[in-house]
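Read the structure below first, then the notes.
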Amino acid sequence: MSKEMVSAQNIRKSFGGQPVLKGISCSVHQGEVLAIIGPSGSGKSTLLRCITQLEQIDGGSITICGEELAREEDGKAVYADRKTCVRIGLHLGLVFQNFNLFPHFSVLRNITEAPVRVLKKSRGEAEETARALLKKMGLSDKESAYPCQLSGGQQQRVSIARALAMSPDILFFDEPTSALDPELTGEILRVIRELAAEHMTMVVVTHEMKFARDVADRVIFMDGGVIVEQGNAEEVFGNTQNERLKTFLARYNEG
Amino acid sequence: MDPETLASLTTLLRQMGEGTLSTLLIFALTLLFSLPLGLLISFGRRSKYKIVSIPMRFYILIMRGTPLMLQLFFVFYGLNPLFGIQPQRMQAAVIAFVLNYAAYFAEIYRGGIESIPEGQYEAGKVLGFTRGQTFFHIVLPQVIKRILPPMGNEFITLVKDTSLAQVIAVQELMHVTEKFASSDVSTVPFFVAAVFYLVMNGVVTRCFTVAEKKFAYYR
Ligand SMILES: Nc1ncnc2c1ncn2[C@@H]1O[C@H](COP(=O)(O)OP(=O)(O)O)[C@@H](O)[C@H]1O
Ligand SMILES: [Mg+2]
């Protein structure tokens with residue numbers, strides 16, 4: 001079995017007394033692509049946000065690349081000290097649904113800013129990496145453009161490059177194509193496929209069922225804050241016995 | 256023009272020029288201190304700790320809710336009986352202006368800061384920026400772009416508000432104008448003062464136009 005990159009045990013999270021994650025346990029292994037599917041409001045984003053430290057869990061434990069981010073003590077989650085949390089965060093990259101590029105920076109600066117400020121790389125070195133990433137994203141001619149001058153698909157590719165520039169061990173995507181016009185989703189999915197072919201470890205929340213089926217090594221189906229079903233793509237999409245999953249998939253197959 | 260008129264006009268212009276220097280001094284010192292102070296106050300106003308945010312709200316309420324003239328009087332005449340401190344006229348004016356304008360600036364900063372989407376902070380955090388780096392490199396530049404128009408208004412108002420310092424007898428432009436107008440029984444000083452204020456605000460307006468252009472490269 002390959003190395004376990006993320007291990008979450010029984011994580012719980014409420015917003016204002018309303019439980020949103022009701023005991024989620026899952027793991028991500030090196031080099032695999034994990035797809036998370038499920039109806040809107042089922043807690044997919046919250047799960048990603050908890051693992052990437054944009055939210056704090058109430059209970060349960062999370063271990064990332066062998067380092068304990070949060071452990072369970074007396075039914076409550078206890079976080080590691082700040083330095084450890086920051087260090088753990090550097091293993092992870094996150095691509096947002098609505099990109100969240102920095103509008104006042106050029107494309108190149110969007111990608112180099114974190115490597116320069118956080119990893120203390122020289123600007124020259126960071127720019128070299130950034131240009132290589134832009135080339136890979138098919139955006140070599142856009143390095144001095146500003147985000148507002150790009151299409152949604154181009155912005156999302158820049159944001160993927162920005163995340164990759166930090167050389168994360170795992171890359172998370174929260175519905176990377178949901179904010180895009182349908183004709184632009186293909187270019188993003190292609191990029192993710194390429195990364196998958198390079199064995200980048202990825203967790204992708206998506207509503208693109210065909211993509212999940214083709215690319216994901218494993219699929220998790222969430223509903224109502226719990227994992228209802230998980231397995232390889234064939235198990236989840238092919239012959240599930242679960243009624244909630246069947247209903248969910250039926251909606252997509254119609255559409 | 257007979258020599259006597261020329262001489263008195265020269266005196267008028269020289270003294271009004273000196274008054275203008277005082278006006279500019281108040282203007283510059285007020286900005287120098289109130290711009291950063293306003294930022295600190297807006298941080299305090301946004302603090303999640305009530306013990307910080309409530310006093311800041313109260314401060315802003317008092318500073319914006321009472322006349323600037325009253326505040327000038329208070330700093331010049333009130334500090335001595337209360338705390339045994341007697342500032343000089345110019346010092347008192349600058350202190351009052353700084354305290355007052357910081358409150359207005361704090362609210363402008365707050366509006367700007369709150370208009371920046373949460374996603375900018377989240378992107379910064381996920382990339383490993385510290386909170387300070389995220390604020391100063393990601394958020395603040397965008398805030399500055401958004402607050403330029405209200406700041407421009409405030410700067411223009413400040414140029415004119417400096418004239419209030421005459422109530423504690425600071426020898427600024429308006430004070431000198433009034434002195435000449437009443438002693439010479441002439442309207443010339445009024446027109447001269449109007450031109451001086453207009454020139455100052457023309458420069459301020461021009462600076463803001465340039466700054467807004469400079470920030471126009473992104474949305
Ligand atoms: N910051 C928040 N405050 C309050 N409720 C939230 C917050 N974030 C998410 N929720 C709620 O948690 C539930 C799950 O949301 P989310 O994780 O975004 O679902 P999904 O990504 O699967 O659509 C929703 O009911 C949503 O309203
Ligand atoms: Mg979501």
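Chains as they are written, first to last, in the working numbering: chain A, 1 to 255; chain B, 256 to 474. All C-beta atoms in this analysis are idealised placements derived from N, C-alpha and C, irrespective of residue type, glycine included. From a predicted model like this one, the values you see are computed outputs, not experimental measurements.
| Item | Value |
| --- | --- |
| Cβ neighbours of residue 112 (chain A) in the same chain (closer than 6 Å, five flanking residues each side left out) | 126, 127, 130 |
| The alpha helix (DSSP H) enclosing residue 421 (chain B), as first and last residue numbers | Looking at the DSSP string, residue 421 (chain B) is not in any alpha helix (DSSP H), and its letter there is neither H nor E. |
| Residue 328 (chain B) - DSSP class collapsed to helix/strand/coil | helix |
| Residues near residue 371 (chain B) in its chain [Cβ-Cβ closer than 7 Å; skip 5 each side] | 394, 397, 398 |
| Cβ of residue 79 (chain A) within 9 Å of any chain B Cβ | no |
| Cβ-heavy atom distance, residue 415 (chain B) to ligand 2, below 8 Å | no |
| As assigned by DSSP and simplified to three states, the class of residue 53 (chain A) | coil |
| Chain-ordered residues of the stretch 378-391 of chain B with a beta carbon less than 9 Å from chain A | 378, 379, 380, 381, 382, 383, 384, 385, 388 |
| Any non-hydrogen atom of ligand 1 within 8 Å of residue 15 (chain A) CB | yes |
| DSSP bridge partner residues for residue 26 (chain A) (one or two, in chain order) | A:8 |
| Of the listed residues B:369, B:341, B:408, B:383, nearest to residue 356 (chain B) (C-alpha basis) | B:408 |
| In chain order, each beta strand (DSSP E) run of at least 3 residues that lies wholly inside the stretch 94-180 of chain A | 170-174 |
| 7 Å Cβ cut-off: residues of chain A touching residue 474 (chain B) | 103, 148 |
| Contact list for residue 368 (chain B) against chain A, beta-carbon separation under 8 Å | Ordered by position in chain A, no residue passes the 8 Å Cβ test against residue 368 (chain B), which lies about 15 Å from the chain. |
| Cβ-based neighbour list, residue 511 (chain B), same chain, cut-off 7 Å, excluding 5 preceding and 5 following | There is no way to answer for residue 511 (chain B), as the model of chain B reaches only from 256 to 474. |
| Beta carbon of residue 205 (chain A) nearer than 9 Å to that of residue 33 (chain A) | no |
| Rounded distance between the beta-carbons of residue 156 (chain A) and residue 188 (chain A), thought under 8 Å | 5 Å |
| Under 8 Å (Cβ pairs) to chain B, residues found in the stretch 80-98 of chain A | 86, 89, 90, 92, 93, 94, 96, 98 |
| Residue 410 (chain B), enclosing alpha helix (DSSP H) - first and last residue | 395-416 |
| Contact list for residue 118 (chain A) against chain B, beta-carbon separation under 7 Å | 382, 383, 384 |
| For residue 432 (chain B), three-class secondary structure by DSSP | helix |
| DSSP state of residue 83 (chain A) mapped onto helix, strand, coil | helix |
| Cβ-Cβ distance between residue 114 (chain A) and residue 61 (chain A) below 9 Å | no |
| Heavy atom of ligand 1 within 8 Å of residue 56 (chain A) beta-carbon | no |
| Nonlocal neighbours in the same chain, by C-beta distance under 6 Å from residue 97 (chain A), ignoring five residues either side | 174, 175, 178, 179 |
| The stretch 28-55 of chain A: positions lying closer than 9 Å to chain B by Cβ | 49, 52, 53, 54 |
| CA nearest to the CA of residue 29 (chain A), picked from A:13, A:200, A:190 | A:200 |
| Beta-bridge partners of residue 13 (chain A), as assigned by DSSP | A:21 |
| Residue 401 (chain B) to residue 383 (chain B) span [Cα, whole Å] | 26 Å |
| Residue from A:13, A:35, A:229, A:231 with nearest C-alpha to residue 196 (chain A) | A:35 |
| Residue closest to residue 144 (chain A), alpha-carbon to alpha-carbon, out of A:118, A:106, A:164 | A:106 |
| Residue 25 (chain A) versus residue 172 (chain A) - alpha carbon distance | 17 Å |
| Euclidean distance between Cα positions of residue 460 (chain B) and residue 447 (chain B) | 20 Å |
| Member of B:361, B:330, B:445 whose CA lies at the smallest distance from the CA of residue 405 (chain B) | B:361 |
| Cβ-based contacts, 8 Å cut-off: residues of the stretch 214-236 of chain A near chain B | none |
| Residue 100 (chain A) beta carbon less than 9 Å from that of residue 421 (chain B) | no |
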